[in-house]
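Peer 1:
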Amino acid sequence: MIPAPVTANSTERLRACAGALLGILLTGLITHAVLGKASQLPLLIAPMGASAVLLFGVPSSPLAQPWSIIGGNLVAALIGVSSWKVFHDPLMSGAFAVSIAIGAMFALRCLHPPSGAVALTAVLGGPAVHALGFGFALAPVLLNSAALLAVALAFNNLSGRPYPHRHPPTKGADAPPERLGFVAADLDAVLREYNQVLDIDRDDLQSMFQQAEAHAYRRRMGEITIGDIMTRNVISAEFGTELQDAWSLMRRHRIKALPVVDRARRVTGIVTQVDFMKQLDLDVYPSFDKRLKALIRRTASMTSDKPEVVGQLMSSPVQTAHPEMHLVTLVPLLSGGGHSHIPVVDDERRLVGIVTQSDMVAALYQGRLAEPPAREA
Numbered sequence: 002m003i004p005a006p007v008t009a010n011s012t013e014r015l016r017a018c019a020g021a022l023l024g025i026l027l028t029g030l031i032t033h034a035v036l037g038k039a040s041q042l043p044l045l046i047a048p049m050g051a052s053a054v055l056l057f058g059v060p061s062s063p064l065a066q067p068w069s070i071i072g073g074n075l076v077a078a079l080i081g082v083s084s085w086k087v088f089h090d091p092l093m094s095g096a097f098a099v100s101i102a103i104g105a106m107f108a109l110r111c112l113h114p115p116s117g118a119v120a121l122t123a124v125l126g127g128p129a130v131h132a133l134g135f136g137f138a139l140a141p142v143l144l145n146s147a148a149l150l151a152v153a154l155a156f157n158n159l160s161g162r163p164y165p166h167r168h169p170p171t172k173g174a175d176a177p178p179e180r181l182g183f184v185a186a187d188l189d190a191v192l193r194e195y196n197q198v199l200d201i202d203r204d205d206l207q208s209m210f211q212q213a214e215a216h217a218y219r220r221r222m223g224e225i226t227i228g229d230i231m232t233r234n235v236i237s238a239e240f241g242t243e244l245q246d247a248w249s250l251m252r253r254h255r256i257k258a259l260p261v262v263d264r265a266r267r268v269t270g271i272v273t274q275v276d277f278m279k280q281l282d283l284d285v286y287p288s289f290d291k292r293l294k295a296l297i298r299r300t301a302s303m304t305s306d307k308p309e310v311v312g313q314l315m316s317s318p319v320q321t322a323h324p325e326m327h328l329v330t331l332v333p334l335l336s337g338g339g340h341s342h343i344p345v346v347d348d349e350r351r352l353v354g355i356v357t358q359s360d361m362v363a364a365l366y367q368g369r370l371a372e373p374p375a376r377e378a
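Just so you know, we're using the working numbering here: the sequence shown kicks off at 2 and counts up by one.
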């Protein structure tokens with residue numbers, strides 16, 4: 002019967018309380034300024050208190066997004082007024098108003114719990130509200146909702162809570178490959194089977210599960226950092242390094258990538274064997290050697306119709322890592338993110354190492370050997 006303790010710390014709780022204080026206060030002042038002193042309309046309607054709980058207490062909730070409060074409250078007000086005009090009975094009007102409002106909010110994707118109270122307010126608000134008719138939906142409902150939303154937009158972003166809530170990307174280089182655990186389709190299947198509305202964004206839920214997997218991996222493997230496994234003596238190039246010299250460096254040192262740095266050793270890009278191959282027509286195999294030699298050979302004339310230096314060929318911006326990051330952060334990048342070499346940089350983005358797929362495989366193997374043997378049953 003008692004819910005689990007709220008995990009938010011005291012700072013977050015104080016932030017929510019301060020936001021609600023400013024939200025309700027400024028909403029009342031804005032409404033007063035718009036309607037004027039002579040207006041008989043209420044400055045605030047009670048459901049705004051519930052909306053404030055969502056907008057400032059749980060701004061990442063799908064029920065607290067801008068369209069939820071604006072669309073939900075407006076639709077509920079219109080339905081509540083219509084229900085009163087049809088039934089003229091508080092009980093019947095209230096029951097139908099709330100029921101139909103919920104259905105409409107589901108259909109319009111603007112589910113907002115306080116909107117149920119807005120529908121009831123349109124029915125039970127008394128003669129003053131009934132006299133407004135459908136104007137009640139504009140003032141004070143829409144006016145209150147817009148003012149509270151404006152305060153939430155400013156306060157949440159200024160206090161470090163991005164609002165409206167932005168969905169994290171589920172595709173691309175940062176998305177974990179299928180072989181690393183559950184995928185988006187697995188989560189969607191579970192949500193369909195669960196068949197209930199969750200007060201959490203679906204992408205946030207997926208992100209939390211992925212972070213839980215990462216924590217479980219760290220618990221099993223120990224605190225292996227990127228700095229523990231990276232190669233420190235890194236062969237690099239500069240923007241103006243000629244292609245022939247860059248290719249010779251990779252051949253001489255038997256490496257497949259060169260981080261590109263400026264004079265301060267800050268990473269500006271990376272050039273790989275793949276970048277060289279992209280410049281060639283690989284469908285014409287008999288002339289491959291000639292084409293490669295033609296690409297990397299320096300041009301004697303003042304003009305050229307091909308890349309001459311590394312900076313014209315490199316990939317930029319480049320995915321980097323920090324030596325203090327845990328090994329697990331490399332798994333989605335090196336196993337399915339389209340990367341084979343990750344330059345490692347310090348706090349000032351200066352090159353301090355490089356980590357490859359081979360480094361990660363070796364670290365995973367060593368970590369596995371370090372696990373205690375399983376006990377026999």
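We put the CB at the ideal spot given by N, CA and C, even for glycine.
Identify, in the order they occur along the chain, each residue of the same chain with its Cβ nearer than 6 Å to the Cβ of ALA21, setting aside the five sequence neighbours on each side.
Peer 2: Within the sequence shown, the letter at position 20 stands for residue 21. Contacts found: ALA53 and PHE57.
Peer 1: I'd like to check one pair, PRO324 with MET231: are the Cβ atoms closer than 8 Å?
Peer 2: Working through the sequence shown from its first residue, we reach residue 231 at position 230. Working through the sequence shown from its first residue, we reach residue 324 at position 323. Going by C-beta atoms, MET231 is nearer than 8 Å to PRO324.
Peer 1: Helix, strand or coil: which one does DSSP assign to GLU13?
Peer 2: Along the sequence shown, read from residue 1 onward, the residue named residue 13 stands at position 12. DSSP places GLU13 in helix when its eight states are reduced to three.
Peer 1: Grab me the residues of ALA5's own chain with a C-beta within less than 8 Å of its C-beta, minus the 5 sequence neighbours each way, in chain order.
Peer 2: Taking the first residue of the sequence shown as position 1, residue 5 is located at position 4. For ALA5, where only same-chain residues beyond five positions count, there are no Cβ hits under 8 Å.
Peer 1: Do you know how far the Cα of VAL119 is from the Cα of GLY126?
Peer 2: Position 125 of the sequence shown, counted from the start, is the residue given in the question as residue 126. Position 118 of the sequence shown, counted from the start, is the residue given in the question as residue 119. If you take the alpha carbons of GLY126 and VAL119, they lie about 10 Å apart.
Peer 1: Straight-line CA distance for GLU239 to VAL262?
Peer 2: Translated into the one-based positions of the sequence shown, residue 239 becomes position 238. Translated into the one-based positions of the sequence shown, residue 262 becomes position 261. Near 5 Å, if we compare the C-alpha coordinates of VAL262 and GLU239.
Peer 1: Return the bridge partner residues of ILE355 from the DSSP annotation.
Peer 2: In the sequence shown, counting from the first residue as 1, residue 355 sits at position 354. ILE355 pairs with THR232 and PRO344.
Peer 1: Which residue wins for smallest C-alpha separation from ASP205, given the options SER62, MET361 and ALA34?
Peer 2: Counting from one through the sequence shown, the residue named residue 205 turns up at place 204. The residue with the shortest Cα to Cα distance from ASP205 is SER62.
Peer 1: Where do the ends of the alpha helix (DSSP H) carrying THR122 lie?
Peer 2: Within the sequence shown, residue 122 is the residue found at index 121, counting from 1. From DSSP, the alpha helix (DSSP H) with THR122 extends over 115 to 125.
Peer 1: Keeping to the same chain, check which residues put their C-beta closer than 7 Å to that of VAL319; ignore five residues upstream and five downstream.
Peer 2: Here residue 319 refers to the residue found at position 318 when the sequence shown is read from its first residue. Excluding sequence neighbours, VAL319 sits near VAL268, GLY270, ILE271 and PRO344.
Peer 1: Is MET315 near ASP348, with beta carbons less than 8 Å apart?
Peer 2: Numbered from its first residue, the sequence shown carries residue 315 at position 314. Numbered from its first residue, the sequence shown carries residue 348 at position 347. Not in contact: MET315 and ASP348 (Cβ atoms no closer than 8 Å).
Peer 1: So, do the stretch 38 to 52 and the stretch 83 to 99 have three or more beta carbon pairs nearer to each other than 8 Å?
Peer 2: Judged by Cβ distances under 8 Å, the stretch 38 to 52 makes no contact with the stretch 83 to 99, as fewer than three pairs qualify.
Peer 1: Pick helix, strand or coil for PRO43, following the three-state DSSP scheme.
Peer 2: Position 42 of the sequence shown, counted from the start, is the residue given in the question as residue 43. In the structure shown, PRO43 sits in coil (DSSP, three-state: anything other than H, G, I, E or B).
Peer 1: Alpha carbon to alpha carbon, how far is LEU92 from LEU159? Give it in angstroms, no decimals.
Peer 2: By 1-based counting over the sequence shown, the position of residue 159 is 158. By 1-based counting over the sequence shown, the position of residue 92 is 91. Cα-Cα distance, rounded: 44 Å.
Peer 1: Our contact map puts ALA123 next to LEU27 with C-beta atoms below 8 Å; I'd like the distance itself, whole angstroms only.
Peer 2: Counting from 1 along the sequence shown, the entry for residue 123 is found at position 122. Counting from 1 along the sequence shown, the entry for residue 27 is found at position 26. About 24 Å; that fails the 8 Å criterion.
Peer 1: When we look at the beta-carbon of LEU15 and count the other beta-carbons within 10 Å, is it buried (16 or more) or exposed?
Peer 2: On the sequence shown, residue 15 is found 14 positions in, with the first residue counted as 1. With fewer than 16 other Cβ atoms within 10 Å, it is exposed.
Peer 1: Rounded to a whole number of angstroms, what is the C-alpha to C-alpha distance between PRO308 and GLN211?
Peer 2: The count along the sequence shown starts at 1 and reaches residue 308 at position 307. The count along the sequence shown starts at 1 and reaches residue 211 at position 210. Distance between the alpha carbons of PRO308 and GLN211: 41 Å.
Peer 1: Buried or exposed: where does GLY173 fall if 16 or more other Cβ atoms within 10 Å of its Cβ makes it buried?
Peer 2: Your numbering for residue 173 matches position 172 in the sequence shown. For GLY173, the predicted model reports a pLDDT of 36, less than 50, meaning its position is unreliable; a value from the coordinates is still stated below. Its Cβ having fewer than 16 others within 10 Å, GLY173 is exposed.
Peer 1: Within 10 angstroms of the Cβ of ILE227, are there 16 or more other Cβ atoms? Answer buried if so, exposed if not.
Peer 2: One-based indexing of the sequence shown puts residue 227 at position 226. With 16 or more Cβ atoms within 10 Å of its Cβ, ILE227 is classed as buried.
Peer 1: For VAL142 versus CYS111, is the C-beta distance shorter than 8 Å?
Peer 2: Counting from one through the sequence shown, the residue named residue 142 turns up at place 141. Counting from one through the sequence shown, the residue named residue 111 turns up at place 110. No, the Cβ-Cβ distance between VAL142 and CYS111 is not below 8 Å.
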